[in-house]
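Asker: One structure coming up, written as structure tokens, with questions to follow.
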Amino acid sequence: MAVQINPSILSADFARLADEAKAVSGADWLHVDVMDNHFVPNLTLGVPVVESLARATDTPLDCHLMIEAPDRWAPQYVEAGAGSVTFHAEAAAAPVRLAREIRAKGARASMALKPATPIEPYEDLLPELDMLLVMTVEPGFGGQAFLDIMLPKIRRTRELISKHGLELWLQVDGGVSAATIERCAEAGADVFVAGSAVYGASDPDEAVRALRAQAES
Ligand code: DX5
Ligand code: ZN
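Numbering that gives the first Met the number 0 puts the sequence shown at residues 0 to 216.
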């Protein structure tokens, strides 16, 4: 299982997004946090910014929708140019229908779980997904401390993926850094979102390389 490092532009300079995307040329995906001030108590960006960013960079966009009514909005992010669209299990009215629609429109379909949402009720949905995101902080803000108590959930999710023989990617997001990435990798994660650990570094691309080396070790 190949390690992927996805810098989160939430910690970048929003006035220079194209340059900030180019500053992490070694990234696998660019993680774009969409927040609506309803599902989470913070507001970031929407479809027009994703559209512009998709034109400005060759790095594929991994859109993490922390919004209500993803059933209505997620398809628009595929049309805007996202290569992967993640909706939250807690917000989706019809997750299977939504995942199928995202795939039918040509993007990877992904579902996220907040820290208090268990994976077990979603076991039968896993074949409908290309990626499962286990949040390792409460969604809403960058720079929060990694929740160690999520490690067992990462491990259980990896076990379910293996049990069903699926190709599903397992992403972690929140507090991922040099201090925590090895534990996430050891628990079974293979896609790592890092905001402050990448854009807070003096050389973001070097931070991506270092995180990748640690996750692969
Ligand atoms: C938090 C977002 C994360 C955030 C991670 O709700 O989903 O993607 O940018 O930031 P760090 O890596 O700083 O915890
Ligand atoms: Zn995110």
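Where is the CB? At the ideal position from N, CA and C, for every residue including glycine.
1. Under 5 Å from any heavy atom of the ligand ZN, by CB: list those residues in chain order, please.
2. Give me the Cα-Cα distance between residue 67 and residue 215, rounded to the nearest whole angstrom.
3. For residue 30, is the beta carbon positioned less than 7 Å from some heavy atom of the ligand DX5?
4. Should the stretch 55-66 be called in touch with the stretch 23-37, which here means at least 3 C-beta pairs below 8 Å?
5. According to DSSP, simplified to helix, strand and coil, what is residue 153?
6. Comparing the CB of residue 110 with every heavy atom of the ligand DX5, is any distance shorter than 7 Å?
7. Of all the options 43, 129, 113, 183, which has the alpha carbon lying nearest to the alpha carbon of residue 105?
8. In the DSSP assignment, the alpha helix (DSSP H) including residue 53 goes from what residue to what residue?
9. With respect to 7 Å, is the separation between the Cβ of residue 140 and the closest non-hydrogen atom of the ligand DX5 below this value?
10. Can you tell me the Cα-Cα spacing of residue 9 and residue 122, whole angstroms?
11. According to DSSP, is residue 28 helix, strand or coil?
12. Run through DSSP, which three-state label would residue 6 get?
13. Per DSSP, residue 84 is paired with what?
14. Which residue spans inside the stretch 161-193 form an unbroken alpha helix (DSSP H) run of at least 4?
15. Taking the beta strand (DSSP E) that residue 132 belongs to, which residues open and close that run?
16. Applying the 10 Å Cβ sphere with the 16-neighbour rule, what's the burial state of residue 153?
Answerer: In brief:
1. 32, 63, 172
2. 35 Å
3. yes
4. yes
5. helix
6. Incorrect: residue 110 has no Cβ contact closer than 7 Å to the ligand DX5.
7. 129
8. 46-55
9. yes
10. 30 Å
11. coil
12. strand
13. 62, 108
14. Taken in chain order, the unbroken stretches of alpha helix (DSSP H) that lie wholly in the stretch 161-193 and span 4 residues or more are 180-186.
15. 130-134
16. buried
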